[in-house]
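Here the structure comes first, spelled out in structure tokens, and everything after it is commentary.
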Amino acid sequence: MKENIRKELLIISMIMLILANAANGGLSIFSFQKLYVDSLISGYKAVAKDLLNNVGGFEKAIEKSVGINRMIQELKHKNPDFDNITIALPDGKILYSTDVGIINKNLPESLKTDFNSTEKKKKVRNLKQYIPIGNKYHILLPINDKTPKWAGTVDISVDEELISKKCNEIIFRNLSVLGLTTLIAAIFVVLCSHYFSDVSIIKAAGKRFYLTLFLIIFGSQIVYTFYNVEYLTNRYKDIAIFLDFGTVMLISFIFITELLFFMSIFIDNYAKSKILKFETYSVIRPDAFVYQVALALPISFIPLHAGDIYIPISGLSQEFVIGLPVSINMLCTMIAFLAGGSWMDRRGWQSLHLWGIFLTSAGALMCGITHSIVEFILYRGLVGFGYGLTFMSYMGFVYSNTDSENRTMGFATMSAGMFSGHLCGGAIGGMLAEKVGFSPVFIISFILMIPAVIFPFLFMRHAYQKKSEPIHQTDKDKKADIRATLKFLVNRNILSLLLLMSIPSSIVFAGLLYYLCPIYLDRLGVSQANIARLLMINA
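Heads up, my numbering is the position in the sequence shown plus 150, with the first residue counted as 1.
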């Protein structure tokens with residue numbers, strides 16, 4: 151047994167600090183940038199409000215009104231951030247502009263927005279704050295006459311480089327604060343590793359050691375997040391700030407907890423010559439956490455993405471088709487449960503585990519690449535089948551490495567890792583989708599599956615099962631197995647469990663949570679990040 155582990159403790163603590171703060175910083179800057187750009191765009195819209203009121207207040211139609219050219223020139227002079235201000239009719243014909251060269255021409259097709267249709271559909275997800283074209287951001291606002299009726303469109307363009315420059319200045323300041331808080335936390339980590347240098351001291355301290363590390367790392371993140379919230383609330387009064395950074399802090403809290411759990415396994419195992427059997431089940435939690443984070447990234451927008459790539463399929467309604475990815479996913483998961491049990495009995499959990507993650511990651515990658523609704527449905531089935539195999543491998547791992555005294559604790563440890571990952575993954579996926587779109591999130595999900603493949607080779611090899619000799623069954627044995635299975639399925643208690651609880655609850659769970667909720671909330675105009683936050687409550 152190695153007693154003095156000061157150097158090893160310092161290295162792993164520093165890695166934990168860097169990983170935790172990098173994750174927190176990445177998510178925070180991601181949210182910070184989005185909120186800051188939104189605040190700039192909102193400011194530009196507020197400035198243009200007087201123009202909208204004045205133009206819409208004319209008695210005559212806007213094409214016959216006098217003085218509009220003067221108003222837009224004055225507005226541009228007062229707001230040097232504006233590159234160009236254009237007023238066009240609903241059909242796209244440009245009537246007035248600070249760029250006289252485009253008057254009487256038409257707006258580009260990508261800028262022709264039907265505000266009447268938008269109001270009817272209430273599809274806020276499809277009505278962006280701005281539309282990027284080339285190196286310009288175009289902000290579109292409707293002009294309503296006294297009826298009120300949509301009479302025209304104001305197009306305010308802003309140089310993308312100008313907004314990027316302002317964002318980069320803020321991000322640089324943000325990174326400076328992150329670096330400073332990380333440096334201060336690193337000093338405390340060094341002091342902590344100096345004090346807790348021996349295994350005996352760590353064991354004597356017990357939970358206090360991990361609590362100390364948690365307070366150091368999470369405390370630095372609280373300071374960093376407080377700076378972000380304070381900065382934005384002084385400039386952008388919106389509850390979205392607290393929702394975004396509250397979500398980031400919750401994810402950070404869970405992430406640090408999982409890192410500390412992994413660290414406890416490392417410390418416990420590093421000081422021993424071999425790992426005891428009753429402790430082995432603990433290593434399933436980090437692997438389950440990483441896998442579930444990757445798997446859950448797209449969970450809040452599966453039917454929405456299906457709706458975006460939907461094309462009519464003969465004889466099937468649109469609502470039915472966009473619900474199929476969720477249904478096929480669950481159907482294939484159920485099939486994998488049945489197939490995985492037999493597979494694991496013959497070849498052990500490790501083969502099942504690797505194949506499960508491989509199929510899940512392949513399905514996630516193809517979901518991000520395809521633009522066909524039929525292929526998307528099939529690939530979600532592949533993801534579901536892979537998940538079923540992986541879940542069964544986790545069950546097999548725990549069962550193989552526990553006994554009757556600690557089996558319940560083993561399954562609880564596995565479930566904790568999976569639900570923690572599901573909670574984090576869904577929230578992160580919603581935030582990412584709002585920024586980069588749906589398809590890239592599937593690609594990110596595929597990339598995050600890679601650590602879940604590597605982890606077993608590094609930390610779970612000691613628990614690999616030796617391949618057992620195949621059991622040869624006679625025809626009589628096979629018939630007996632079939633009869634026993636049928637007898638089990640027609641048992642009154644089993645039928646009651648399936649028909650009155652398992653199947654109805656699964657239908658409600660899948661239909662309400664993963665199909666109806668995202669579609670309903672999207673039609674209400676709820677942002678993708680907030681849809682993901684609402685689904686987090688379940689986890």
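We put the CB at the ideal spot given by N, CA and C, even for glycine. No experiment lies behind these values; they were computed from the predicted model shown.
Short check: CB of THR397 to CB of ARG683, under 9 angstroms?
-> Within the sequence shown, residue 397 is the residue found at index 247, counting from 1. Within the sequence shown, residue 683 is the residue found at index 533, counting from 1. Yes. Within cutoff.
Applying the criterion that 16 or more other CB atoms from any shown protein chain within 10 Å of the CB defines a buried residue, is PRO436 buried or exposed?
-> The residue you call residue 436 lines up with position 286 of the sequence shown. Buried.
For ALA238, which beta-bridge partners are listed by DSSP?
-> To locate residue 238, count along the sequence shown from 1; it is residue 88. Beta-bridge pairing links ALA238 to ILE244 and THR303.
From the DSSP output, in three-state form, read off TYR280 for me.
-> Within the sequence shown, residue 280 is the residue found at index 130, counting from 1. DSSP places TYR280 in coil when its eight states are reduced to three.
Secondary structure, alpha helix (DSSP H): runs of 4+ residues fully inside the region 531–603 = 557–586
Just grab the DSSP bridge partners of ASP96 for me.
-> Outside the shown range of the chain, which is 151 to 689, sits residue 96, and nothing can be said about it.
So, using beta-carbon positions, are ASN256 and SER247 closer together than 9 angstroms?
-> In the sequence shown, counting from the first residue as 1, residue 256 sits at position 106. In the sequence shown, counting from the first residue as 1, residue 247 sits at position 97. Cβ distance not < 9 angstroms, so ASN256 and SER247 don't count as in contact.
Where does the unbroken alpha helix (DSSP H) through GLU224 begin, and where does it stop?
-> Counting from 1 along the sequence shown, the entry for residue 224 is found at position 74. Where GLU224 is concerned, the enclosing alpha helix (DSSP H) stretches over 218–228.
Compare the C-alpha of LYS228 against each of VAL250, ILE244 and ALA198 and name the closest.
-> Counting from 1 along the sequence shown, the entry for residue 228 is found at position 78. Measuring from the Cα of LYS228, the nearest candidate turns out to be ALA198.
In chain order, what residues of the same chain lie with their CB nearer than 7 angstroms to the CB of GLU269, ignoring the 5 residues before and after it?
-> Your numbering for residue 269 matches position 119 in the sequence shown. With a pLDDT of 45 at GLU269, under the threshold of 50, the predicted position of this residue should be treated as unreliable, though the coordinate-derived value follows. Same-chain partners within the cutoff: there are none.
Could you give the distance in angstroms between the alpha-carbon of ALA489 and the alpha-carbon of PRO606?
-> Within the sequence shown, the letter at position 339 stands for residue 489. Within the sequence shown, the letter at position 456 stands for residue 606. C-alpha separation (whole angstroms): 22 angstroms.
Whose C-beta lies closer than 6 angstroms to the C-beta of PHE588 among residues of the same chain, with five residues either side of it excluded?
-> Taking the first residue of the sequence shown as position 1, residue 588 is located at position 438. Excluding residues within five positions, the ones whose Cβ falls inside 6 angstroms are PHE451 and HIS455.
According to the Cβ coordinates, are ASN171 and SER370 closer than 9 angstroms?
-> Locating residue 171 in the sequence shown gives position 21, counting from the first residue. Locating residue 370 in the sequence shown gives position 220, counting from the first residue. A contact, by the Cβ cut-off of 9 angstroms.
What is the rounded straight-line gap between the Cα of SER570 and the Cα of PHE182?
-> On the sequence shown, position 420 is the one that residue 570 refers to. On the sequence shown, position 32 is the one that residue 182 refers to. Looking at the two C-alpha atoms, the distance is approximately 24 angstroms.
First through last residue of the alpha helix (DSSP H) which encompasses MET516 | Position 366 of the sequence shown, counted from the first residue, corresponds to residue 516. Note, MET516: alpha helix (DSSP H), 499–519.
Selection from ASP188, LYS315, LEU291 and ILE313 that minimises the alpha carbon distance to VAL304 | Working through the sequence shown from its first residue, we reach residue 304 at position 154. The option with the nearest alpha carbon to VAL304 is LEU291.
Assigned secondary structure, ILE463 (DSSP; H/G/I helix, E/B strand, else coil) = Counting from 1 along the sequence shown, the entry for residue 463 is found at position 313. ILE463: strand per DSSP, three-state reduction.
If you count every other CB in all the chains shown that lies within 10 Å of the CB of ASP249, and 16 or more means buried, which is it?
-> If you number the sequence shown from 1, residue 249 lands on position 99. Exposed.
How about ARG530: is its Cβ closer than 8 angstroms to a heavy atom in the ligand FAD?
-> Among the components modelled here there is no ligand, and therefore nothing to report on the ligand FAD.
Where does PHE376 sit, in a helix, a strand or coil, going by DSSP?
-> Taking the first residue of the sequence shown as 1, we reach residue 376 at position 226. Looking at PHE376 - three-state DSSP - the assignment turns out to be helix.
How would you label LYS271, buried or exposed, when you count the other beta carbons within 10 angstroms and need 16 or more for buried?
-> Stepping through the sequence shown from its first residue, residue 271 is reached at position 121. Note on LYS271: pLDDT 44, under 50, position unreliable in the model; the coordinate value appears next. Exposed, because fewer than 16 other Cβ atoms sit within 10 Å of the Cβ of LYS271.
Contact under 9 angstroms by Cβ, GLY506 with ALA486 | Locating residue 506 in the sequence shown gives position 356, counting from the first residue. Locating residue 486 in the sequence shown gives position 336, counting from the first residue. Cβ distance < 9 angstroms, so GLY506 and ALA486 count as in contact.
Sub-9 angstroms separation of ILE306 and TRP300 beta-carbons = Along the sequence shown, read from residue 1 onward, the residue named residue 306 stands at position 156. Along the sequence shown, read from residue 1 onward, the residue named residue 300 stands at position 150. Cβ atoms of ILE306 and TRP300: not closer than 9 angstroms.
Please report the residue range of the alpha helix (DSSP H) in which ALA682 lies.
-> Position 532 of the sequence shown, counting from 1, holds the residue named residue 682. That run of the alpha helix (DSSP H) goes 678–686.
Secondary structure at LEU410, three-state DSSP: helix, strand or coil?
-> Counting from one through the sequence shown, the residue named residue 410 turns up at place 260. Helix.
Can you give the beta carbon distance from GLY546 to MET599, rounded, assuming they're within the 8 angstroms contact cut?
-> Residue mapping note: residue 546 aligns to position 396 of the sequence shown, counting from 1. Residue mapping note: residue 599 aligns to position 449 of the sequence shown, counting from 1. The pair is not a contact, with the Cβ atoms about 20 angstroms apart (cut-off 8 angstroms).
Minimum length 4: unbroken alpha helix (DSSP H) runs contained in the region 307–371 | 310–345 and 349–355
Do VAL373 and PHE395 come within 9 angstroms of each other at the CB atom, strictly closer than that value?
-> The residue labelled residue 395 in the question sits at position 245 within the sequence shown. The residue labelled residue 373 in the question sits at position 223 within the sequence shown. Not a contact, by the Cβ cut-off of 9 angstroms.
When LEU361, PHE535 and LEU400 are compared against LEU509, the one with the closest alpha-carbon | Translated into the one-based positions of the sequence shown, residue 509 becomes position 359. Among LEU361, PHE535 and LEU400, the Cα nearest to that of LEU509 is on PHE535.
Does the count of Cβ pairs from the region 158–171 and the region 402–420 closer than 8 angstroms reach three?
-> yes
Give the DSSP bridge partners of PRO292, in chain order.
-> Counted from its first residue, the sequence shown places residue 292 at position 142. Bridge partners of PRO292: THR303.
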